[in-house]
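I have placed the structure first, in the form of structure tokens, so that the comments after it can refer back to it.
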Amino acid sequence: MRSQSRPIRRPLSRPVSRRSVQGLLAGAVLVPLAGCDLRPDATSPTPPPPTADERLVDATAAAIRTARDVAARVPEGRALVGVHEAHLTALGAPSASASPSAPAAPAPADLRATEGGLESTLTDAATRASDGALARLLASMAASVAQHLAALPNPKASR
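What follows is the structure in structure tokens.
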């Protein structure tokens, strides 16, 4: 019959003191925090320059805001205001409200011209975007504006 051997347990030569345990715990907490600074740096790092896509989004958002402001002043363009607001939200651009002292209402032909220009701007932006998701979003916006533009009354066709 084989005898099973057990590992021999030897008692510690001396027990671990309470102070040793507390010192180890304090060290475990304080060592990782040693590199932290409670005061912010006196000089904050400068933000990185905007990327080409960020500049593209800013320029596109400005064009959308302009078209929205024109659409808000033309009765036929009221439906476009919500579309332009949704586009600004999708781009993550702030949607500053139209100025309360808006100039005289533009003619419907001005609305068509503004929306046509916005469609061109969005199409161009979609081709210049580096990010694929941004390019698809801008192309979708261009298609939306084109559809709304087609639905606007055409003063030349009624003559």
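The opening position of the sequence shown corresponds to residue 42 in this note's numbering, with each subsequent residue numbered one higher.
All C-beta atoms in this analysis are idealised placements derived from N, C-alpha and C, irrespective of residue type, glycine included.
Exercise for the section: Reducing DSSP to helix, strand and coil, say where A146 ends up. Expected result: Against the sequence shown, residue 146 aligns to sequence position 105. Per DSSP, reduced to three states, the secondary structure at A146 is coil, with no helix or strand assignment.
Exercise for the section: Specify, as a first and last residue, the run of the alpha helix (DSSP H) that V115 falls within. Expected result: Mapped onto the sequence shown, residue 115 falls at position 74. Careful: V115 lies outside any alpha helix (DSSP H) and carries neither H nor E.
Exercise for the section: Note down, in chain order, each residue of its chain lying with its Cβ closer than 8 Å to the Cβ of L193, except the 5 sequence neighbours on either side. Expected result: Here residue 193 refers to the residue found at position 152 of the sequence shown. Excluding positions up to five away in sequence, the list reads E117, G118, P149, L152, R153 and E156.
Problem - Contacts around L97, its chain only, beta-carbon distance under 7 Å, and the 5 residues preceding and following it disregarded - result: For the purposes of this step, residue 97 is taken as the residue at position 56 of the sequence shown. Contacts found: A166, R169 and A170.
Problem - Backbone CA spacing between L174 and A184 [nearest angstrom] - result: Position 133 of the sequence shown, counted from the first residue, corresponds to residue 174. Position 143 of the sequence shown, counted from the first residue, corresponds to residue 184. Going by the sequence as given, residue 174 is Ala instead of Leu. C-alpha separation (whole angstroms): 15 Å.
Practice task
Assess, as a yes-or-no matter, whether the region 91-107 is touched by the region 118-134 under the definition of 3 or more beta carbon pairs within less than 8 Å.
Solution key: They touch, by the three-pair rule.
Problem - Secondary structure of A170, DSSP reduced to three states - result: Locating residue 170 in the sequence shown gives position 129, counting from the first residue. The answer is coil: DSSP assigns A170 none of H, G, I, E or B.
Problem - Rounded C-alpha distance that separates G68 from S58 - result: In the sequence shown, counting from the first residue as 1, residue 68 sits at position 27. In the sequence shown, counting from the first residue as 1, residue 58 sits at position 17. Between the alpha carbons of G68 and S58 lies a gap of roughly 16 Å.
Practice task
Can you have a look at R60 and say buried or exposed, based on whether 16 or more other CB atoms are within 10 angstroms of its CB?
Solution key: The residue given as residue 60 occupies position 19 in the sequence shown. Per the 10 Å Cβ criterion, exposed.
Practice task
Can you say whether E95 is buried or exposed, counting buried as having 16 or more other CB atoms within 10 angstroms of its CB?
Solution key: On the sequence shown, position 54 is the one that residue 95 refers to. Exposed, by the Cβ-count rule.
Exercise for the section: May I ask you to report which of helix, strand or coil DSSP gives V70? Expected result: If you number the sequence shown from 1, residue 70 lands on position 29. Correct three-state label for V70: helix.
Practice task
Check each candidate in R109, A187 and T92 and name the one with the smallest Cα separation from T164.
Solution key: The residue labelled residue 164 in the question sits at position 123 within the sequence shown. For the set R109, A187 and T92, the Cα lying nearest the Cα of T164 is the one of A187.
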